[in-house]
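Following: one structure in structure tokens, then a few remarks.
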Amino acid sequence: MNSVDLAAYLDAERAEVERALERAADEFPDVLPPDQAAAGRHGVVSGGKRLRPILCATAFRASGGEAPSPTLYDFAVSIELIHAYSLIHDDLPSMDDADLRRGEPTTHRVHGVDAATLAGVALIPLAARRVLVAGEELGLDASTARECARILSGAAGAGGMVGGQGLDLLGEGRALGAEALTELHRHKTGALLMAALELGAVAAGAADRVREALRTYGRHVGLAFQIADDVLDATATAEELGKEPSDAHLDKSTYVSLHGLEGARRLARGETAAAVAALDNAMVDAPALVALADYIVTRRN
Ligand code: GRG
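Heads up: the sequence shown is residues -3 to 297, going by my numbering.
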């Protein structure tokens, strides 16, 4: 066991993240007409676990970084803005056609498809600007700032999340094997989660050993996160999930359909154990990351 009071930790972290997201959403009126800005705000400040920026800020501190909170979280939410755009677009009628997200009507159900689509796209350059402007405020030199932009855009793009979504679309209606499923999720879900850890490490000027350990931790918790997601989709209520469970209904290949419930739970635990082992092996003392790895597989939404 570790000494972190996880509930208190998550509360404090989420409060910082929400404030930083409010600051980011306040930039919308500069770049968008009001109805589209309202759609963007809806996608950005409509709740969520805020796991990605929390992992980023936690990795920053685990790497010895020190920074005033507003600056650190302005930097960390760059990744949440990408996540927010991906959820807005994933819910659109041309994708999942979802009515509910986080227990509330989806962005396009409230603001219309055009405004939601446009606001989602606008979040991408907003995220790029955040990582650079906040990186400058963190005192990053030009080459470190470029590296952060490279990590964020690489994880978000065709070699990361968008590529994973592409594999997902290609796989619709087909049974995927274990390897194909993991390849898909390493990109679709895992890339952003891993980037969250790496961005924190790089911004803190982590030694190569620490950066690599955090990347490895990120890779394993990214997979554990997705396996837990599949378990939740099969076991949690719509109220807990904040949306209707959809995997069985869409006849999707999931870790549960491939390995059964107990098998999937075991796999998830194996991934979090490997994540924590990567920290131990590199002598990274980060009890909050250990607690977060556990949270990722025990959460109820
Ligand atoms: C339009 C083809 C096209 C591509 C755009 C939509 C898209 C890119 C990518 C979709 C990627 C996607 C939706 C991944 C989902 C990952 C996932 C498990 C999301 C849920 O994350 P949580 O649980 O959500 O962290 P909260 O609500 O806590 O923020």
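Glycine included, every Cβ here is placed at the ideal spot set by N, Cα and C. Remember, predicted model here, so these are calculated numbers, not experimental data.
Taking the alpha helix (DSSP H) that residue i falls in, what are its first and last residues?
i, result
"Val41", "Premise fails: Val41 is in no alpha helix (DSSP H) and is neither H nor E."
"Thr294", "283 to 294"
"Ala232", "Careful: Ala232 lies outside any alpha helix (DSSP H) and carries neither H nor E."
"Thr250", "No alpha helix (DSSP H) holds Thr250; DSSP gives it neither H nor E."
"Pro66", "65 to 86"
"Pro121", "109 to 133"
"Arg48", "47 to 58"
"Glu12", "2 to 21"
"Ala191", "187 to 199"
"Glu240", "Taken as a continuous stretch (DSSP letters only), Glu240 belongs to no alpha helix (DSSP H), as it is neither H nor E."
"Asp164", "157 to 167"
"Ala202", "Element bounds for Ala202: n/a, residue is neither H nor E."
"His181", "174 to 181"
"Thr140", "138 to 152"
When the Cα atoms are used, what is the spatial distance from residue i to residue j?
i, j, result
"Ala199", "Ser139", "11 Å"
"Met(-3)", "Leu275", "Per-residue confidence for Met(-3) stands at a pLDDT of 42, beneath the threshold of 50, marking its modelled position as unreliable; no derived number is given."
"Asp137", "Ala16", "22 Å"
"Leu228", "Ala260", "11 Å"
"Glu258", "Ala230", "12 Å"
"Leu166", "Glu179", "13 Å"
"Ala273", "Asp281", "11 Å"
"Thr113", "Gly44", "20 Å"
"Asp298", "Ala35", "Since the first residue of the chain shown is -3 and the last is 297, residue 298 is not available in this structure."
"Leu122", "Ile223", "30 Å"
"His255", "Val117", "36 Å"
"Arg48", "Leu189", "6 Å"
"Gly162", "Arg19", "32 Å"
"Ala203", "Gln32", "42 Å"
"Arg262", "Asp22", "43 Å"
"Arg37", "Phe24", "8 Å"
"Pro101", "Tyr5", "29 Å"
"Ser74", "Arg105", "25 Å"
"Leu172", "Asp226", "14 Å"
"Asp7", "Val13", "10 Å"
Is any heavy atom in ligand 1 found nearer than 7 Å to the beta carbon of residue i?
i, result
"Asp225", "yes"
"Asp86", "yes"
"Ser82", "yes"
"Gly99", "no"
"Lys248", "no"
"Met91", "yes"
"Lys45", "yes"
"Val158", "yes"
"Lys239", "no"
"His306", "The question about residue 306 has no answer, for the chain in this structure spans -3 to 297."
"Thr54", "no"
"Thr178", "no"
"Thr103", "no"
"Gln300", "Nothing in the structure corresponds to residue 300, since the chain is present only between -3 and 297."
"Thr185", "yes"
If you measure from the CB of residue i, is any heavy atom of ligand 2 nearer than 7 Å?
i, result
"Met279", "Annotation note on ligand 2: not contained in the displayed structure, which lists ligand 1 as its ligands."
With residue i and residue j assumed to form a contact (beta carbons below 8 Å), what rounded beta-carbon distance in angstroms separates them?
i, j, result
"Thr185", "Gly218", "6 Å"
"Val206", "Ala197", "6 Å"
"Ile120", "Tyr81", "6 Å"
"Tyr291", "Leu2", "6 Å"
"Ala53", "Glu9", "7 Å"
"Ala287", "Ala209", "Contact flag wrong, Cβ pair sits at about 17 Å."
"Ala270", "His181", "About 16 Å; that fails the 8 Å criterion."
"Leu77", "Arg126", "6 Å"
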